[in-house]
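Take a look at the structure set out below.
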Amino acid sequence: MQGKGFIKFMAILLGIVCVYSLSFNFVTSKVEKDAKTYAKGDPAKEKAYLDSMATVQVYPVFGYTYAFCKGKEINLGLDLKGGMNVTMEISLGELVKSLAGNTDDVNFNKALSEAQTKLNAGGKDFMALFVSEYEKLSPNGKLADFFANQDNASLLKPNATNAEVKTFLSGHANTAIDRSFTIIRSRIDGFGVVSPNMQKQEGTNRILIEMPGVQDKERVHKLLQGSAELQFWQVYNNEEVYSTMENINKTLASVLKVTAPAATAAAGTDTAAKSESKLAGLAKSTDSKDSAAVKTQELAKSNPLFAVLNIPTYQAENGQTSLRPGPVVGWVAQKDTAKVNAFFARPEIASIIPHSFKFMWGVKPMETGVAGGAKIFELYAIKVTSTDGKPDLGGAAISNARADYDQKGRPEVTMYMTGDGAAKWKGITAAASADASNKKAIAIVLDNMVYSAPTVQNEIPNGISSITGSFTVNDTQDLANILKAGQLPAPARIVGEFVVGPSLGQEAIHNGLLSFVLAFVVILIFMALYYNKAGWVANLALVINLFFIMGILVSLGAVLTLPGIAGIVLVIGLSVDANILIFERVREELTLGKPTPLAIKEGFKHAMSSIIDSNVTVLVLGVILYIFGSGPVQGFATTLCIGILSSLFCAVLISRLVFDYLIERKSDITFGNKMTIHAFKNMAFNFVGHRKVYYTISSIIIVLGFIFYFKNGGLNLGIDFKGGRTYIVHFDKDMETEDVKAKLDGVFTESETIVKTAGANNELKITTTYHITDQETTADKLVEDALKSGLEKTGVKYTIESNEKVGPIIASDIVYGAYGAILFSCLVMFIYIVVRFKKLNYGLGAVIALFHDVLLVLSFYTILDGVLPFSLEIGQDFIAAILTVMGYTMTETVVVFDRIREKLAESGKEDTHGEARNTLINFALNSTLSRTILTSLTVFFVLLVIFIFGGASIRGFIFALLIGRIIGTYSSLCISTPIVIDLGKKK
908 MQGKGFIKFM AILLGIVCVY SLSFNFVTSK VEKDAKTYAK GDPAKEKAYL DSMATVQVYP
968 VFGYTYAFCK GKEINLGLDL KGGMNVTMEI SLGELVKSLA GNTDDVNFNK ALSEAQTKLN
1028 AGGKDFMALF VSEYEKLSPN GKLADFFANQ DNASLLKPNA TNAEVKTFLS GHANTAIDRS
1088 FTIIRSRIDG FGVVSPNMQK QEGTNRILIE MPGVQDKERV HKLLQGSAEL QFWQVYNNEE
1148 VYSTMENINK TLASVLKVTA PAATAAAGTD TAAKSESKLA GLAKSTDSKD SAAVKTQELA
1208 KSNPLFAVLN IPTYQAENGQ TSLRPGPVVG WVAQKDTAKV NAFFARPEIA SIIPHSFKFM
1268 WGVKPMETGV AGGAKIFELY AIKVTSTDGK PDLGGAAISN ARADYDQKGR PEVTMYMTGD
1328 GAAKWKGITA AASADASNKK AIAIVLDNMV YSAPTVQNEI PNGISSITGS FTVNDTQDLA
1388 NILKAGQLPA PARIVGEFVV GPSLGQEAIH NGLLSFVLAF VVILIFMALY YNKAGWVANL
1448 ALVINLFFIM GILVSLGAVL TLPGIAGIVL VIGLSVDANI LIFERVREEL TLGKPTPLAI
1508 KEGFKHAMSS IIDSNVTVLV LGVILYIFGS GPVQGFATTL CIGILSSLFC AVLISRLVFD
1568 YLIERKSDIT FGNKMTIHAF KNMAFNFVGH RKVYYTISSI IIVLGFIFYF KNGGLNLGID
1628 FKGGRTYIVH FDKDMETEDV KAKLDGVFTE SETIVKTAGA NNELKITTTY HITDQETTAD
1688 KLVEDALKSG LEKTGVKYTI ESNEKVGPII ASDIVYGAYG AILFSCLVMF IYIVVRFKKL
1748 NYGLGAVIAL FHDVLLVLSF YTILDGVLPF SLEIGQDFIA AILTVMGYTM TETVVVFDRI
1808 REKLAESGKE DTHGEARNTL INFALNSTLS RTILTSLTVF FVLLVIFIFG GASIRGFIFA
1868 LLIGRIIGTY SSLCISTPIV IDLGKKK
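Per the working numbering, the very first residue in the sequence shown carries number 908; after that it's consecutive.
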């Protein structure tokens, strides 16, 4: 075997990377176990313990803190951890109206309405749709008349064509989406979500958001859908605020009679109670380990505010500690910001804070230079100058802002004011820079968070300002987006959401892990029993493969979902395929009387082509799944792709190294036992001769599927495909679905409502289209209130464990994405087969078999829907199942095609015809039958275990895979290869 040293090096290197990546889970698990022991069931104590450990080094080998390790551990999806998945849509229609000055032109507004209708029906480019509709309604109309105003003079000329206006609008649409993304991201960061995941859905006006651990739906709605308000405020300097801070600290010390909990000072500074002066004490460090705890406790008693808030100071030239000039009045660790807010909100403290003071936090933590250290936030004291409490200047004063560079090439932001805004800005900047020795800052505030507080150097008379600082390029791009937020309001609405409770998540984790362990054990036992010692080599490769898959997932920061676990189990089942291909070829060589070392060498050599072809086809399907899918489907595709690459490395290279090691030690290597060594020998099924029988069987099933399709009134589409809201409700006792539906029909008026069991009889899945097209922000609460009203009529105690919402626009996009995934995958498979095997009829046979499989699975779904005790909905997970079934069929078909090609090469012919072709195809099918049956059975048993123990949430998905596994095997043996004869030309 060539390159043994390199393979060993890569295996060791990959192993080290995986050990390092997985080690963070063990470190955090130990800390969290200690927290549970300490808390003794008290969640508040447990959280306090973990907060206190955030900056403590818990990974001494590398010096990593608990907070750093927590960010590196494996990410669990919402279905495993609980939380919210939200799809936000930016209202481009309102953006266009705003750009046009909210015109009341009839044709203009009608064109907007028609464009929105077509977008809802599956259209893509809103701006193109709007321009097209306007030109239909007003053929001679000029859109520039609406948009070429004073604020846009530099971007759009009055004589601009409609095409130029479309370009102008598209640019603003992209900017609005980017701006909304930045604003929403900052809001979520401020919400305190652990490891939120946000991504723009390319080519659309939507943003996908995952928030693990979040359950407060109403607060999230308010947070995400609230209108952004940009403001400019004057700011007090540190020196002006210190006396107030000292007064607050003294008052708190006298009010708080009880002993305050221990707290650590942020940013490495401390205030000793018995210092020479209070100001000097603010800069002292508690380096003495033996007295640190005592000092901290004393500090919390005598100086409760300064125990958690550090006043910025510096060492003056005379050696004295002085207040640091500037707008920052305090540094606070993230875990203590809530405590500081609570201090300021106390009635006795609020009464001594001047009315002109308004405290606000910086939006981002300051750089501490410590890897994995605590996040430190800056506190600002805003100066309220007006009697009504309004800011000095609002966001409407901004006409434009852009990320730029100064003369030295450093990132900066250039801000442009409107005419009225420039006049006000001149007065504000003049007042802030009037005292040359004490220049003041202006805070840029959005959602009551300070994004930047630049110091004003001089009066700015022309409304063009440069904002500089320690910016990165990303910082300036974000700040430019924030500054433009006040100019063009583009409301964001929640059009899709999925909420899952932590109890459901725990059940999903338990069921997923149980199915995973059992399926893995099934494979190990089967391989050991069937292939004897060679089976143990395959088992070793499987264990290493599993280790690599988990390590790679963690190192890439991939999110592990329940479908992802199913994907891993499925990959393990499929990885057996490579070993079976190799072992069956080795058996053939041993039958020819070759010695074991030579048989192993020849077996690997002859099986390699089939292994590569079959794995490439499934890998391509995995990539298509990732591109066209979203959420759980992408999680499934991610694990599928990673698993296939890892399986190839382990099954082919690692197992070969083990065999070579055993050969060098002259060990006895067996590939079966008395019961299995002669299995599937001398098989001679006439698949080709009976192909018309198989065609008839398939035709009957498909015709029955069409009959039941019309009988059932179409396919049972889930809310993924038709839009609606779905709730999983747990009752304290078993419920009759019809009784619950009757109660809900009384509150869900003029809508379609479906009630089904979700596993057990006390778990119901309730789907409704009630108010699904309502765009008002109150619609979600309206529907949930109606649901609770209907459920309370049952008189049984219940819990809403999860809910999901998919708007009509999202649903139409999913439908077209599903069609695209299936058609595109068929096209890719056809091209691959034709190029790889250089025969058109092979490619056509494979594609016809793919469509055959899709129709058969759909037929079984329509025939069995309502018969089985679980839902057979057509949703995104069903599309993932269909594409996986197509992968099975292609894998099986490619292996047979590869054997045909091999036999033709041995005979020196490019092709054969007539009875010779029939004989050749039958030989190829029979010679690969052992591999086909064994792989199919292995995967089938794996899927069966997941189906039984994997939980109700993926039962429909696994059922599609189960029947697809059967259909795929049947199709590859009886349809795809025999049909090549009917498509081929006779000699």
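Ideal Cβ positions, reconstructed from N, Cα and C, are used throughout, including at glycine. As the structure is a computational prediction, the values presented were derived from the model and not from experiment.
{"query": "Neighbour-count burial assignment, I1155, 16 or more Cβ in a 10 Å radius", "result": "buried"}
{"query": "Limits of the unbroken beta strand (DSSP E) element including P1219", "result": "P1219 -> no beta strand (DSSP E), and no H or E assigned at all."}
{"query": "Supposed close pair N1829, V1595 - CB separation, criterion 8 Å", "result": "5 Å"}
{"query": "G1480 - DSSP class collapsed to helix/strand/coil", "result": "helix"}
{"query": "Delimiting residues of the beta strand (DSSP E) encompassing A1288", "result": "1283-1290"}
{"query": "Within 9 Å, strictly: CB atoms of T1583 and H1637", "result": "no"}
{"query": "Every unbroken alpha helix (DSSP H) inside the stretch 1425-1458 [4 residues or more]", "result": "none"}
{"query": "Pairwise C-alpha distance: T1685 and K1712", "result": "14 Å"}
{"query": "Residues of its chain near I1874, where Cβ-Cβ distance is below 7 Å and the 5 sequence neighbours each way are ignored", "result": "D1760, L1763, V1764, V1792"}
{"query": "Proximity test, E1670 beta-carbon vs the ligand NAD heavy atom, cut-off 8 Å", "result": "The ligand NAD is not among the ligands present in this structure, which contains no ligands whatsoever."}
{"query": "Under 9 Å between C-beta atoms of S1306 and G1328", "result": "yes"}
{"query": "Range covered by the beta strand (DSSP E) that runs through E996", "result": "990-997"}
{"query": "Proximity below 9 Å, CB of T935 to CB of K977", "result": "yes"}
{"query": "Separation of K1588 from R1563, as counted between CA atoms", "result": "25 Å"}
{"query": "Helix, strand or coil at N1748 according to DSSP, with G and I counted as helix", "result": "helix"}
{"query": "Option in A1514, E1117, T1220, V1291 with minimal Cα separation from P1261", "result": "V1291"}
{"query": "Coarse secondary structure for L1353, derived from DSSP in three states", "result": "strand"}
{"query": "Expected contact under 8 Å - CB spacing of N1355 and M1273 to nearest Å", "result": "18 Å between Cβ atoms; not a contact."}
{"query": "Beta-carbon contacts of F1847 that lie in its chain and below 8 Å, excluding the five residues immediately before and after", "result": "L1869, R1872, I1873"}
{"query": "Between the CA atoms of K1271 and K1073 - distance to the nearest angstrom", "result": "36 Å"}
{"query": "Option nearest V1429 by Cα separation, candidates G910, F1866, N982, I1853", "result": "I1853"}
{"query": "Closest residue to I1090 among H1079, D1520, E1136, I1518 (Cα-Cα distance)", "result": "E1136"}
{"query": "Identity of the residue in R1086, I1114, N1217 nearest V1148 by Cα", "result": "N1217"}
{"query": "For M1118, the nearest candidate out of S1554, I1432, S1883, E1404 (CA to CA)", "result": "E1404"}
{"query": "I1367 in three-state terms, based on DSSP", "result": "coil"}
{"query": "Beta bridge counterpart(s) of T1845 as assigned by DSSP", "result": "In the DSSP output, where bridge partners are listed per residue, T1845 has none listed."}
{"query": "Residue from S1359, L1775, L1734 with nearest C-alpha to W1908", "result": "This structure leaves residue 1908 out entirely; the chain is present only between 908 and 1894."}
{"query": "Sequence-distant residues of its chain with Cβ nearer than 6 Å to N1069 (five each side left out)", "result": "V1038, L1050"}
{"query": "For H1128, three-class secondary structure by DSSP", "result": "helix"}
{"query": "Through-space distance from Y1323 to A1399, alpha-carbon basis", "result": "25 Å"}
{"query": "Other residues of its chain near D1520: CB distance less than 7 Å, five sequence neighbours each side excluded", "result": "R1743, V1801, D1805"}
{"query": "Rounded straight-line distance, which links the Cα of D1889 to that of K1746", "result": "14 Å"}
{"query": "Alpha-carbon spacing of S1553 relative to I1456, whole angstroms", "result": "7 Å"}
{"query": "Residues bridged to A1051 (per DSSP)", "result": "Paired residue(s): none; A1051 is not in a bridge."}
{"query": "Bridge partner(s) assigned by DSSP for M1118", "result": "M991"}
{"query": "With 16 other Cβ atoms within 10 Å as the buried cut-off, status of H1128", "result": "buried"}
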